[in-house]
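*Asks:*
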Ligand code: ASP
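Residue numbers (our numbering): 3 to 592.
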């Protein structure tokens, strides 16, 4: 990268000089990555955001005082040098600047540095926690730096695309009132309204709907959201959404615009052209892949076998669901390999009671772990269901429907990972449509909104609301990419009466609904247009486009798995005076 403007501090970066610049006098600045002192000659690798340039201090050609100074340089010292671009004797083909070096004439130490706690190179000896504690040093490393630059490139492309489509970037407040979206709120005590609290938004959901009532029509925002959830691996309590809403639209309009956005990103960022995204229903996804965010870069579709296997004396297969997958080319798996798979599904996190296997040998012969109960003819019908071919290994599970689907889905992903089918540079986006409106929560014995309470039921399912609420489908959709939900949204309710009955269905009294969401329902009475939208999880989207799945690597200052920022040491206690001012009394004994 070249500077487009005159700079006095440095006129070149450490990533740009080559033989083309031979004999130029340059001024560079940066950090000392490494020094090699051969007595009469000292080499220094000078690093900045743009790359690394080798400096040479040569006793024959550099002033003695400068050499003396160079001898004091340590790792991560910040320096400025003036010198001449010369050809290197030992060239380094792995470095863009590897053919030249700078014969230093002047050296200025701008700042000394303590020895860093880990090596600041592409490969580092620093563990996760240490790197997080000194994240600013970690950011000096090319892989982390490049991820942040990559993220910036993605957000710019998003802004450009949406702006060109007529979307307006509107900021919504961070100090708000709770919106129930399934997670706990982070709350902020108000000093001026003692005993009262703001909540940090789990998403700008109600505000973006109000913007539609306000006539804004097409809104987007790249926005921080906050959810106080029990932390699962690779979840952040604060994360970023690309939040969007449109008025006067049907579901189809939304699918069209945002499929366009992701197609644009895949092309701009990854150079990948994707045609129309496949669409499947939630129901189909659950039956075929056992989850609602299937990775469709590979097959291994579920085959349900109940009608083929029941009442043959093998009681395991008389359960609610018997379902299997065909794993490509694994019919030669040894007893040991299969045992390892059985151990895998029996792990407490998965909780299956075991696996039945069928080998469809390359010679067409079928062998199974249940040969006692089923003939080869039987096994052949199973193979058809699972679309197994000679050479494949069929893995079958049985049990309660939801559990078994989820267990087999985990096994499917495990096998795909093992077989290298989850390729980082292959992208298979799709839409999952027609989510159920409600979800039964056995703990609270109540229905919850599967997406959120503002989602509208499908008009054709309204008749079911009273007697079979679990069967009602919503105008809700998710975008899925490579086995990850990257975005989701819905067409919203936009009239007070429907919104009121929805709250009722979810167990709110009229008073509770009015108190929490009166502002929204009131707004609906002042001419709310039909509207809908969605939000993408930016952190995950960026990670996937970057060919990785760990979102932390794409966040400048992430929190650890316990929700802590180990660099600034937050959360932390506050002092007594602050507590008093906020009218907060702590009783930690409880
Ligand atoms: N607010 C929703 C969410 O955070 C997205 C939407 O419905 O637009 O998941």
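All residues carry an ideal CB built from backbone N, CA and C; glycine is no exception. In this text the structure is predicted, and so the values were computed from the model without any measurement.
1. Our contact map puts residue 210 next to residue 245 with C-beta atoms below 8 Å; I'd like the distance itself, whole angstroms only.
2. Restricting to Cα atoms, I'd like to know which of 62, 238, 474 is closest to residue 567.
3. Kindly indicate which residue of 323, 455, 153 has the alpha-carbon position closest to the one of residue 543.
4. Look up residue 129 in the DSSP assignment and say whether it is helix, strand or coil.
5. Any idea what DSSP makes of residue 345, helix, strand or coil?
6. Taking DSSP as the reference, what is the three-state secondary structure of residue 461?
7. Taking 6 Å as the cut-off, is the beta-carbon of residue 205 closer than that to any non-hydrogen atom of ligand 1?
8. Check whether the stretch 542-558 touches the stretch 262-272, counting contact only when three or more Cβ pairs, one atom from each stretch, lie closer than 8 Å.
9. Would you be able to state if there are at least three C-beta pairs under 8 Å between the stretch 573-580 and the stretch 173-192?
10. Specify the secondary structure class of residue 411 as computed by DSSP and reduced to three states.
11. Just tell me which of 17, 83, 40, 156 has its CA closest to the CA of residue 101.
12. Per DSSP, what kind of secondary structure is residue 145 in: helix, strand or coil?
13. Rounded to the nearest angstrom, what separates residue 235 and residue 352 at their Cα positions?
14. Taking contact to mean 3 or more Cβ pairs, one atom from each stretch, closer than 8 Å, check whether the stretch 380-398 and the stretch 332-340 are in contact.
15. Put residue 24 into one of helix, strand or coil per three-state DSSP.
16. Measuring only from the beta carbon, is residue 201 closer than 6 Å to any heavy atom that is part of ligand 1?
17. I want to check one thing, is the minimum distance from the CB of residue 180 to the heavy atoms of ligand 1 below 6 Å?
18. Looking at residue 75 and ligand 3, is the gap between the Cβ and the nearest heavy atom below 6 Å?
19. Just to confirm the assignment, what range does the beta strand (DSSP E) spanning residue 44 have?
20. Mind listing, in chain order, the continuous alpha helix (DSSP H) runs of no fewer than 4 residues lying wholly within the stretch 274-301?
21. Taking 6 Å as the cut-off, is the C-beta of residue 323 nearer than that to any heavy atom in ligand 1?
22. Could you tell me which uninterrupted alpha helix (DSSP H) segments, each at least 4 residues in length, are contained entirely in the stretch 484-558, listed from first to last along the chain?
23. For ligand 1, is there a heavy atom less than 6 Å away from the beta-carbon of residue 268?
24. If distances are taken between C-alpha atoms only, which option among 494, 60, 507, 470 comes closest to residue 476?
25. For residue 385, which option in 108, 368, 121, 373 has the closest C-alpha, if you only look at C-alpha atoms?
26. Helix, strand or coil: how does DSSP classify residue 453 here?
27. Please classify residue 217: does DSSP put it in a helix, a strand, or coil?
28. Residue 47 and residue 36 - do their beta-carbons sit closer together than 7 Å?
29. Less than 6 Å separating the Cβ of residue 328 from some heavy atom of ligand 1?
30. Entirely within the stretch 150-237 and at least 4 residues each: give me those alpha helix (DSSP H) ranges in chain order.
31. Are the stretch 189-205 and the stretch 136-150 touching by the rule of at least three beta carbon pairs closer than 8 Å?
32. If you draw a straight line from the alpha carbon of residue 88 to that of residue 74, how long is it in whole angstroms?
33. I need the boundaries of the alpha helix (DSSP H) containing residue 372, first residue and last residue.
34. Distance, Cα to Cα, residue 286 vs residue 517?
35. Going by beta carbon distance, what residues of the same chain come within less than 8 Å of residue 11, once the five residues before and after it are set aside?
36. With hydrogens ignored, establish whether the beta-carbon of residue 492 is closer than 6 Å to any heavy atom of ligand 1.
*Replies:* Put simply:
1. Taking the chain shown and counting its residues from 1, the one referred to as residue 210 is at position 208. Taking the chain shown and counting its residues from 1, the one referred to as residue 245 is at position 243. Your pair residue 210 and residue 245 checks out as a contact, with CB atoms roughly 6 Å apart and the cut at 8 Å.
2. By 1-based counting over the chain shown, the position of residue 567 is 565. Ranking 62, 238, 474 by Cα distance to residue 567 puts 238 first.
3. Taking the chain shown and counting its residues from 1, the one referred to as residue 543 is at position 541. Checking every option, the nearest Cα to that of residue 543 belongs to 153.
4. What you label residue 129 is simply residue 127 of the chain shown in a count that begins at 1. The three-state reading of DSSP puts residue 129 in coil, since its state is none of H, G, I, E or B.
5. Here residue 345 corresponds to residue number 343 of the chain shown, with the count starting at 1. The answer is helix: DSSP assigns residue 345 an H, G or I state.
6. In the chain shown, residue 461 corresponds to position 459, counting from 1. Taken through DSSP and simplified to helix, strand or coil, residue 461 comes out as helix.
7. As a first step, residue 205 is located in the chain shown; it is residue number 203 there, counting from the start. Yes, Cβ of residue 205 sits closer than 6 Å to a heavy atom of ligand 1.
8. Yes, the stretch 542-558 touches the stretch 262-272.
9. By the Cβ criterion, the stretch 173-192 is not in contact with the stretch 573-580, since fewer than three pairs of Cβ atoms, one from each stretch, lie closer than 8 Å.
10. Numbered from its first residue, the chain shown carries residue 411 at position 409. DSSP, read as helix, strand or coil, puts residue 411 in helix.
11. Numbered from its first residue, the chain shown carries residue 101 at position 99. Of all alpha-carbon atoms in 17, 83, 40, 156, the one lying nearest the alpha-carbon of residue 101 is that of 17.
12. Position 143 of the chain shown, counting from 1, holds the residue named residue 145. In this structure, residue 145 counts as helix in the three-state DSSP scheme.
13. One-based indexing of the chain shown puts residue 235 at position 233. One-based indexing of the chain shown puts residue 352 at position 350. A direct Cα-Cα distance of roughly 16 Å separates residue 235 from residue 352.
14. Touching, yes, given that three or more Cβ pairs across the two stretches are closer than 8 Å.
15. The residue given as residue 24 occupies position 22 in the chain shown. When DSSP states are grouped into helix, strand and coil, residue 24 belongs to the coil group.
16. In the chain shown, the residue the question calls residue 201 occupies position 199. Not under cutoff, so the answer is no.
17. Along the chain shown, one-based indexing puts residue 180 at 178. Checking the Cβ of residue 180 against ligand 1 gives no.
18. Although ligand 3 was asked about, the structure shown includes only ligand 1 as ligands.
19. Working through the chain shown from its first residue, we reach residue 44 at position 42. DSSP places residue 44 inside the beta strand (DSSP E), whose first and last residues are 43-50.
20. Runs of the alpha helix (DSSP H) inside the stretch 274-301: 284-291.
21. Position 321 of the chain shown, counted from the start, is the residue given in the question as residue 323. Ligand 1 has no heavy atom closer than 6 Å to the beta-carbon of residue 323.
22. Qualifying alpha helix (DSSP H) stretches, in chain order: 498-507, 512-526, 540-547.
23. For this step, residue 268 is matched to residue 266 along the chain shown. Checking every heavy atom of ligand 1 against the Cβ of residue 268, none is found closer than 6 Å.
24. On the chain shown, residue 476 is found 474 positions in, with the first residue counted as 1. 494 is the residue among 494, 60, 507, 470 whose C-alpha sits nearest the C-alpha of residue 476.
25. In the chain shown, counting from the first residue as 1, residue 385 sits at position 383. Minimum Cα distance to residue 385 is reached at 368.
26. Position 451 of the chain shown, counted from the first residue, corresponds to residue 453. The DSSP-derived three-state label of residue 453 is coil.
27. Position 215 of the chain shown, counting from 1, holds the residue named residue 217. The answer is coil: DSSP assigns residue 217 none of H, G, I, E or B.
28. Your numbering for residue 36 matches position 34 in the chain shown. Your numbering for residue 47 matches position 45 in the chain shown. Cβ atoms of residue 36 and residue 47: closer than 7 Å.
29. Indexing the chain shown from 1 puts residue 328 at position 326. False, no ligand heavy atom lies under 6 Å from that Cβ.
30. Entirely contained in the stretch 150-237, the alpha helix (DSSP H) runs reaching 4 residues are, in chain order, 207-215.
31. No, they do not touch.
32. Residue mapping note: residue 88 aligns to position 86 of the chain shown, counting from 1. Residue mapping note: residue 74 aligns to position 72 of the chain shown, counting from 1. The alpha-carbon atoms of residue 88 and residue 74 are separated by roughly 24 Å.
33. By one-based count along the chain shown, residue 372 stands at place 370. Neither: residue 372 is in no alpha helix (DSSP H) and is coded neither H nor E.
34. Locating residue 286 in the chain shown gives position 284, where the first residue counts as 1. Locating residue 517 in the chain shown gives position 515, where the first residue counts as 1. Distance from the CA atom of residue 286 to the CA atom of residue 517, rounded to whole angstroms, is 39 Å.
35. To locate residue 11, count along the chain shown from 1; it is residue 9. Sequence-distant Cβ neighbours of residue 11 in its own chain, meaning closer than 8 Å and more than five residues away, are 29, 31, 82.
36. Here residue 492 is taken as the residue at index 490 of the chain shown, counted from 1. Checking the Cβ of residue 492 against ligand 1 gives yes.
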